[in-house]
Amino acid sequence: MTMKFIVGRQQDDVAARLYQQISTDYSTSLDKQFICLVPNHIKFNSEVQILAHLADARPELATNGIIASSRLQILSFSRLLWYFLRDDPKYQQPQLSPAAQAMFLSNFLHDHRQELPLFFGESRKMGFLEQLGQQLNELLQGNFSTADLQEILTKLPEQKQVPGSTLEKINELSFIFENYQAEVAAKFMTNEQLMAYFISQTKKRDFSNFNIYLSGFSELNQQQVQLLRNFDQQGATVYLTLYLNPDLKHQDISEQYYFHGPLKMLRQLGYPDLTTIAAENWLSCQTKRTSPALQALEDYWIDSTNGVPTSTQMDQKMKQDVQIWQADSVTSEVRGVANYVRQLVALQNYRYRDFLVLANNLPDYTAPIAALFKQNELPFFSDQQIPMANHPLV
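Under this note's numbering, think of the first position of the sequence shown as 1, with each following residue one higher.
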């Protein structure tokens with residue numbers, strides 16, 4: 001495999017390094033097609049930034065600062081399926097929406113209530129069908145098969161303290177998974193089934209005319225990993241951006257807990273040993289995008305997470321960029337942030353788009369942020385994954 005990796009820490013301008021790479025490749029490979037894959041929820045913003053950077057790098061292609069190109073596509077994984085399969089009969093089959101899936105599962109559990117007493121009993125609970133549908137989707141995304149579930153069933157009894165109810169649940173789940181796929185395939189096509197079909201098709205096609213770039217992904221499911229590996233094996237040039245210390249290529253990574261996510265992605269893609277990656281495929285980013293104070297803060301987080309003693313101390317200059325607050329509840333914490341944003345906008349000429357509010361566990365903050373920001377008349381965008389497969393504009 002010859003995948004290429006654009007790597008840098010959060011303090012490094014990894015995105016700009018990617019845009020530079022796209023512009024360079026676009027200018028030098030005039031006969032190639034370019035696809036940039038990004039998460040659903042940042043597709044539009046990514047498209048604007050990439051095209052703007054390309055217009056700056058290649059002004060002869062732009063008209064009044066605006067550029068359009070049939071050779072460059074910015075897509076999500078779901079939109080990628082449309083791009084390659086839009087004329088395929090498989091894609092024309094009815095799509096299984098979440099609502100249709102819940103109704104289908106309700107009927108399925110009722111029809112098989114004798115074989116599925118546990119799941120049929122749970123189906124009356126609010127939200128259970130949606131959770132079961134999500135579980136089945138994740139099994140498909142993870143490339144699980146009924147045989148895998150049966151293998152788990154045979155091994156679980158060997159472990160101590162595994163309750164019998166767990167075995168019964170997995171046995172019923174295995175039955176559902178096997179029969180669900182067969183019955184759904186006769187009437188519908190799910191996004192996971194489309195992805196599996198596309199993955200099988202990539203093995204028969206030459207992709208040497210494609211450059212494929214990935215940006216903004218903190219994790220990949222097994223279907224996405226397999227697709228990227230197929231692209232690479234079938235001749236495509238694949239770039240992946242990773243928030244990772246570039247120096248780790250020559251260091252022991254066994255205790256790099258802070259970078260667990262990107263290192264896991266590398267293992268999934270077949271690179272458990274970073275030293276096996278050729279130097280020309282390890283593209284480090286050195287340009288900084290944050291202030292020295294935030295750089296020092298990230299360095300401290302990296303060291304403390306990895307259990308490394310740190311001597312980093314906050315000096316007076318750093319305190320101008322980093323403030324530490326303490327709140328007695330999530331509500332008071334969010335209210336303090338909202339008031340602070342209002343003050344800076346009103347008194348120091350800040351704009352709302354200058355602020356980025358982060359949380360270590362976003363679900364705990366979603367409702368308070370929505371309520372208190374609305375109460376304080378603060379416009380905001382919640383940067384969470386939103387399925388776009390059935391969006392009317394798509």
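We treat Cβ as the ideally placed atom computed from N, Cα and C, and that holds for glycine.
Leaving out the 5 sequence neighbours to the left and right, which residues in its chain are closer than 7 Å to Leu372 when beta-carbon positions are compared?
Along the sequence shown, read from residue 1 onward, the residue named residue 372 stands at position 372. Counting only Cβ-Cβ distances below 7 Å, and skipping sequence neighbours, we find Val334, Arg335, Ala338.
Measuring only the C-alpha atoms, how far is Tyr352 from Arg17?
Your numbering for residue 352 matches position 352 in the sequence shown. Your numbering for residue 17 matches position 17 in the sequence shown. Rounded to the nearest angstrom, the two C-alpha atoms are 26 Å apart.
Top-ranked residue by Cα proximity to Phe119, from Asp87, Ile176, Ala68, Asn64:
Residue numbering aside, residue 119 sits at position 119 when the sequence shown is read from its first letter. Nearest of Asp87, Ile176, Ala68, Asn64 to Phe119, Cα basis: Ile176.
Skipping 5 residues on each side, what residues in its chain have a beta carbon closer than 7 Å to that of Asn349?
Counting from 1 along the sequence shown, the entry for residue 349 is found at position 349. Cβ contact annotation for Asn349 (same chain, cutoff 7 Å, sequence separation greater than five): none.
Can at least three beta-carbon pairs, one atom from the segment 32 to 48 and one from the segment 200 to 212, be found at a separation below 8 Å?
In this structure the segment 32 to 48 touches the segment 200 to 212; the number of beta carbon pairs closer than 8 Å is three or more.
I believe Ser46 touches Gly216 by the beta-carbon criterion, under 8 Å. Please report the beta-carbon distance rounded to the nearest angstrom.
Position 46 of the sequence shown, counting from 1, holds the residue named residue 46. Position 216 of the sequence shown, counting from 1, holds the residue named residue 216. Indeed, because the Cβ distance is near 7 Å, the residues count as touching under 8 Å.
Note the first and the last residue of the continuous beta strand (DSSP E) segment covering Asn211.
Residue numbering aside, residue 211 sits at position 211 when the sequence shown is read from its first letter. Following the DSSP letters along the chain, one finds Asn211 inside the beta strand (DSSP E) bounded by residues 210 to 214.
For Leu109, collect the residues of the same chain with a Cβ closer than 7 Å to its Cβ; drop the 5 residues on either side in sequence, then sort them by chain order.
Residue mapping note: residue 109 aligns to position 109 of the sequence shown, counting from 1. Excluding residues within five positions, the ones whose Cβ falls inside 7 Å are Leu116, Phe119, Phe120, Ser123.
Contacts around Leu400, its chain only, beta-carbon distance under 6 Å, and the 5 residues preceding and following it disregarded:
This structure gives no information on residue 400, because the portion of the chain shown stretches from 1 to 394.
To which residues does DSSP link Ile74 through a beta bridge?
If you number the sequence shown from 1, residue 74 lands on position 74. Ile74 is bridged to Cys36.
To the nearest angstrom, how far is it from the Cα of Thr2 to the Cα of Asn281?
Start at 1 with the first residue of the sequence shown, and residue 2 comes out as number 2. Start at 1 with the first residue of the sequence shown, and residue 281 comes out as number 281. Each residue's CA atom was taken as its position, placing Thr2 and Asn281 some 7 Å apart.
Quick one: what does DSSP say Thr305 is sitting in, helix, strand or coil?
Along the sequence shown, read from residue 1 onward, the residue named residue 305 stands at position 305. Note: Thr305 maps to helix in three-state DSSP.
To the nearest angstrom, report how far apart Val394 and Arg79 are at their CA atoms.
Reading the sequence shown from its first residue, position 394 is the one you call residue 394. Reading the sequence shown from its first residue, position 79 is the one you call residue 79. Note on Val394: pLDDT 31, under 50, position unreliable in the model; the coordinate value appears next. Going by C-alpha positions, Val394 is about 8 Å away from Arg79.
From Lys249, Glu219, Leu228, Glu183, pick the residue whose C-alpha is nearest to that of Gly261; which is it?
Counting from one through the sequence shown, the residue named residue 261 turns up at place 261. When each option's Cα is compared against that of Gly261, the closest is Glu219.
Compute the distance between the beta-carbons of Leu240 and Leu274, then report whether it is under 8 Å.
As a first step, residue 240 is located in the sequence shown; it is residue number 240 there, counting from the start. As a first step, residue 274 is located in the sequence shown; it is residue number 274 there, counting from the start. Not in contact: Leu240 and Leu274 (Cβ atoms no closer than 8 Å).
Roughly how far, in whole angstroms, is the beta-carbon of Asp12 from the beta-carbon of Gln286, given that I think they are within contact range, below 8 Å?
Position 12 of the sequence shown, counted from the start, is the residue given in the question as residue 12. Position 286 of the sequence shown, counted from the start, is the residue given in the question as residue 286. Confirmed, about 7 Å.
Assign Ser284 to one of three DSSP states: helix, strand, or coil.
Taking the first residue of the sequence shown as 1, we reach residue 284 at position 284. Assignment of Ser284 by DSSP, reduced to helix, strand and coil, places it in the strand class.
Evaluate the contact criterion for the segment 86 to 97 versus the segment 186 to 198: three or more CB pairs, one atom per stretch, below 8 Å.
Cβ pair count under 8 Å is three or more, so yes.
Just the C-alpha distance for Leu347 and Asp328, rounded to the nearest angstrom, thanks.
Walking along the sequence shown from the start, residue 347 turns up at place 347. Walking along the sequence shown from the start, residue 328 turns up at place 328. For Leu347 and Asp328, the distance between alpha carbons rounds to 27 Å.
Drop a sphere of 10 angstroms on the beta-carbon of Ala15, count the other beta-carbons inside from all chains shown, and report buried for 16 or more, exposed for fewer.
Sequence index remark: in the sequence shown, residue 15 carries index 15 (1-based). With 16 or more Cβ atoms within 10 Å of its Cβ, Ala15 is classed as buried.
Are Leu228 and Leu269 touching if we call contact CB-CB under 8 Å?
As a first step, residue 228 is located in the sequence shown; it is residue number 228 there, counting from the start. As a first step, residue 269 is located in the sequence shown; it is residue number 269 there, counting from the start. Closer than 8 Å, so yes.
With 16 other Cβ atoms within 10 Å as the buried cut-off, status of Gln5:
As a position in the sequence shown, residue 5 is number 5, starting the count at 1. Per the sequence shown, the amino acid found at residue 5 is Phe instead of Gln. Buried.
Nonlocal neighbours in the same chain, by C-beta distance under 7 Å from Tyr180, ignoring five residues either side
Here residue 180 is taken as the residue at index 180 of the sequence shown, counted from 1. Excluding five sequence positions before and after Tyr180, the CB atoms of its chain that fall closer than 7 Å to its own CB belong to Phe108, Leu136, given in chain order.
With 16 as the cutoff for other CB atoms within 10 Å, does Pro246 come out buried or exposed?
The residue labelled residue 246 in the question sits at position 246 within the sequence shown. Looking at its Cβ environment, which holds 16 or more other Cβ atoms inside 10 Å, Pro246 is buried.
Continuous alpha helix (DSSP H) stretch holding Phe231: start and end
To locate residue 231, count along the sequence shown from 1; it is residue 231. DSSP places Phe231 inside the alpha helix (DSSP H), whose first and last residues are 222 to 233.
Have a look at Ile170 and Ala99 and give me their C-alpha separation to the nearest angstrom.
Sequence index remark: in the sequence shown, residue 170 carries index 170 (1-based). Sequence index remark: in the sequence shown, residue 99 carries index 99 (1-based). Roughly 24 Å between the two C-alpha positions.
May I ask you to list the residues that DSSP assigns as paired with Leu240?
Counting from 1 along the sequence shown, the entry for residue 240 is found at position 240. Leu240 pairs with Phe5, Leu214.
With a CB to CB cut of under 7 Å and the five nearest residues on each side skipped, what residues in its chain are close to Leu321?
On the sequence shown, residue 321 is found 321 positions in, with the first residue counted as 1. A small correction: the amino acid at residue 321 is Asp; Leu does not occupy that position in the sequence shown. Non-local C-beta neighbours of Asp321 in its own chain, meaning closer than 7 Å and more than five positions away in sequence, comprise Ser291, Ala293, Leu294, ordered along the chain.
Give a yes or no on whether the C-beta atoms belonging to Val38 and Leu242 are separated by under 8 Å.
Your numbering for residue 38 matches position 38 in the sequence shown. Your numbering for residue 242 matches position 242 in the sequence shown. At least 8 Å separates the beta-carbon of Val38 from that of Leu242.
Alpha carbon to alpha carbon, how far is Tyr300 from Thr310? Give it in angstroms, no decimals.
Counted from its first residue, the sequence shown places residue 310 at position 310. Counted from its first residue, the sequence shown places residue 300 at position 300. About 7 Å.
Three-state secondary structure assigned by DSSP to Ile67:
Residue 67 sits at position 67 when you count from the first residue of the sequence shown. In this structure, DSSP gives Ile67 a state outside helix and strand, which the three-state scheme calls coil.
Which word fits Met126, buried or exposed, when buried means at least 16 other C-beta atoms lie within 10 angstroms of its C-beta?
The sequence position of residue 126 within the sequence shown is 126, counting from 1. Exposed, because fewer than 16 other Cβ atoms sit within 10 Å of the Cβ of Met126.
Look at the alpha carbon of Ile277 and the alpha carbon of Leu283, and state the distance between them as a whole number of angstroms.
The sequence position of residue 277 within the sequence shown is 277, counting from 1. The sequence position of residue 283 within the sequence shown is 283, counting from 1. Using only the alpha carbons, I get a separation of about 11 Å.
Would you mind stating whether Phe207 and Gln234 have Cβ atoms separated by less than 8 Å?
Position 207 of the sequence shown, counting from 1, holds the residue named residue 207. Position 234 of the sequence shown, counting from 1, holds the residue named residue 234. It is a contact, given that the beta carbons lie within the stated cut-off.
Comparing C-alpha positions only, which one of Glu183, Arg267, Ile302 sits nearest to Tyr257?
Taking the sequence shown and counting its residues from 1, one reaches residue 257 at position 257. Answer by Cα proximity: Ile302.
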